[in-house]
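If you read the sequences in order, they're chains A, B and C. Last residue of the first sequence: 137 in my numbering, with the numbers rising by one and none dropped. Last residue of the second sequence: 274 in my numbering, with the numbers rising by one and none dropped. Last residue of the third sequence: 411 in my numbering, with the numbers rising by one and none dropped. Every residue gets a Cβ at the ideal spot worked out from N, C-alpha and C, and that includes glycine. Structure first, then comments.
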Amino acid sequence: MTCQQSFDIHSRGRGTIEITAEVARIVRAAGVVTGIAHVFVQHTSCSVVLTENADPSVRRDLETLAARWAPDGDAAYLHDNEGDDDMAAHGRNIVAGAAVTVPVGHGELRLGTWQGIYLWEHRTMAHRRRIVVTVIG
Amino acid sequence: MTCQQSFDIHSRGRGTIEITAEVARIVRAAGVVTGIAHVFVQHTSCSVVLTENADPSVRRDLETLAARWAPDGDAAYLHDNEGDDDMAAHGRNIVAGAAVTVPVGHGELRLGTWQGIYLWEHRTMAHRRRIVVTVIG
Amino acid sequence: MTCQQSFDIHSRGRGTIEITAEVARIVRAAGVVTGIAHVFVQHTSCSVVLTENADPSVRRDLETLAARWAPDGDAAYLHDNEGDDDMAAHGRNIVAGAAVTVPVGHGELRLGTWQGIYLWEHRTMAHRRRIVVTVIG
């Protein structure tokens, strides 16, 4: 059995937005008892990630690390059409990825206690981001 | 057809533990001829990765690199509740990921000759880590 | 329904080769209406990634970043059997990953407008790389 559903997230520039509840709702509605949920973002300058859901300072520290993994406005970049954060965003998308897959059991997401699913916007400006969730079992 | 099974790994602190054999056993028992095996860890401070299975120095060098991707006790971290390796572990989990998906063919994992599946513990202390394997085909 | 197909890519050393068209062809032939396509490379020194498909300078800048994530010939590496780019390639494989999973809808890959699928060769020499595509729905 397969169920696919899309939704949009309006980011407010760089930072994380939790989407666990939206994904959990789609999984419940899918009626898949055992399987996987694939959460995919159709863009190359933001990410979908799993990370710690208790202390927001974890996500602030991830920004600190991301600024080293792919700094804004690096002199070595050739691609800067859309500004200093353009190539930085593509680099962070490679490091953090565009999708996560989570097991589904008893019709629910089988996340660990401290795992949340986040859209991570890497651009400094607000963007509309399309997320596609596919539940298979 | 879908089959899901969990098991625990007791890590002995930072480092890698090969889990290819356990995953291969679950895949064989699942009876899925063609499909995928999703190997997921329910934590945000360790990883499940695919890497070179022949020379253990590759995994030691990965620790060297990880110490640059997300150093212990960095002065910039806000999150250090559980010590110097706390935020470092969350950062490495983002870089290396929490899950891998491997194709299944003829009822077996279709890994390359030099690919092994590893739990990579990022915390310095020993931890019990729960792994969920889902085989779909 | 599940369909699995493999193909080889002959890389010409470090750099990216777009494989979106090959994957799209396999997805169409699979006849899966709704599901996922898993694109996996059976090696630990190259990657399969999703990235921006319009401006080739993005992929050149990814090489610039990769050279920082896992530099060639780093004095700290223990593993250098096959030269300066050996461990660098394994490190980049961990950062960028070995596989991507893309949603399938209406029998087609549901990529965003600017997303392409690439084999990213991390070794400096040419290699034959085996890719396994599994379509499930």
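With a cutoff of 8 Å on beta-carbon distance, residue 362/C and residue 396/C are scored as near each other. In the DSSP assignment, residue 303/C falls within the alpha helix (DSSP H) that extends over 294-304.
In the DSSP assignment, residue 366/C falls within the alpha helix (DSSP H) that extends over 360-370. DSSP places residue 336/C within a helical segment (H, G or I) once states are collapsed to three. Under DSSP, residue 257/B forms a beta bridge with 153/B and 184/B.
Excluding its 5 nearest sequence neighbours in each direction, residue 319/C has C-beta neighbours in its own chain below 7 Å: 363, 364, 367, 396 and 397, listed in chain order.
Three or more beta-carbon pairs separated by less than 8 Å are not found between the region 153-170 of chain B and the region 308-319 of chain C, which leaves the two stretches without contact.
For residue 48/A, none of the residues of chain B pass the 8 Å Cβ criterion, the least Cβ distance being about 12 Å. Within the same chain, 266 come within 7 Å of residue 180/B by CB-CB distance, once the 5 residues on both sides are set aside. When secondary structure is reduced to three states using DSSP, residue 342/C falls in the helix class.
At a cut-off of 8 Å between beta-carbon atoms, residue 97/A makes contact with chain C. Using a Cβ-Cβ cut-off of 8 Å, residue 91/A does not count as an interface residue toward chain B, since no Cβ of chain B sits closer than that to its own. Interface annotation for the region 65-76 of chain A against chain B: 65, 66, 68 and 69, criterion Cβ-Cβ distance under 9 Å. In the structure shown, residue 6/A falls within a strand segment according to DSSP collapsed to helix, strand and coil.
Taking every protein chain shown into account, the CB of residue 387/C has fewer than 16 other CB atoms within 10 angstroms, so this residue is exposed. Two segments are said to touch when three or more pairs of C-beta atoms, one from each, lie closer than 8 Å; by this definition the region 75-88 of chain A touches the region 329-337 of chain C. Residue 259/B does not reach chain A, its nearest Cβ partner there being about 12 Å away, counting only Cβ pairs nearer than 7 Å. In summary, the residues of the region 169-197 of chain B whose CB is separated from some CB of chain C by less than 7 Å are 171, 172, 173, 186, 187, 188, 189, 192, 194, 195 and 197, in the order they occur in the chain.
CA-CA distance, residue 148/B to residue 247/B, rounds to 26 Å. For residue 373/C, the enclosing beta strand (DSSP E) stretches over residues 373-379. By alpha-carbon distance to residue 292/C, the top candidate from 314/C, 280/C and 323/C is 323/C. Listed by position along chain B, the residues whose Cβ is nearer than 7 Å to that of residue 107/A form an empty set, because the closest Cβ is around 12 Å away. Here residue 66/A is buried: its Cβ has 16 or more other Cβ atoms, across all protein chains shown, within 10 Å.
Chain-ordered, the chain B residues with CB closer than 8 Å to the CB of residue 361/C read 195 and 198.
For residue 308/C, no beta strand (DSSP E) segment is defined, and its DSSP state is neither H nor E.
Residue 273/B has a beta carbon lying within less than 8 Å of a beta carbon in chain A. When the beta-carbon positions are compared, residue 281/C and residue 239/B stay at least 8 Å from each other. Linking residue 274/B to residue 357/C through their CA atoms gives a straight-line distance of about 40 Å. Rounded to whole angstroms, the Cβ separation of residue 378/C and residue 297/C is 10 Å, and the two are not in contact under 8 Å.
Counting along the chain, the unbroken beta strand (DSSP E) around residue 130/A starts and ends at 128-136. 55/A is the residue among 55/A, 5/A and 131/A whose C-alpha sits nearest the C-alpha of residue 115/A.
Using a Cβ-Cβ cut-off of 8 Å, residue 278/C counts as an interface residue toward chain B, since at least one Cβ of chain B sits closer than that to its own. Within a 10 Å sphere around the beta-carbon of residue 344/C sit 16 or more other beta-carbons, which makes this residue buried. Not a single C-beta of chain A is nearer than 8 Å to the C-beta of residue 301/C.
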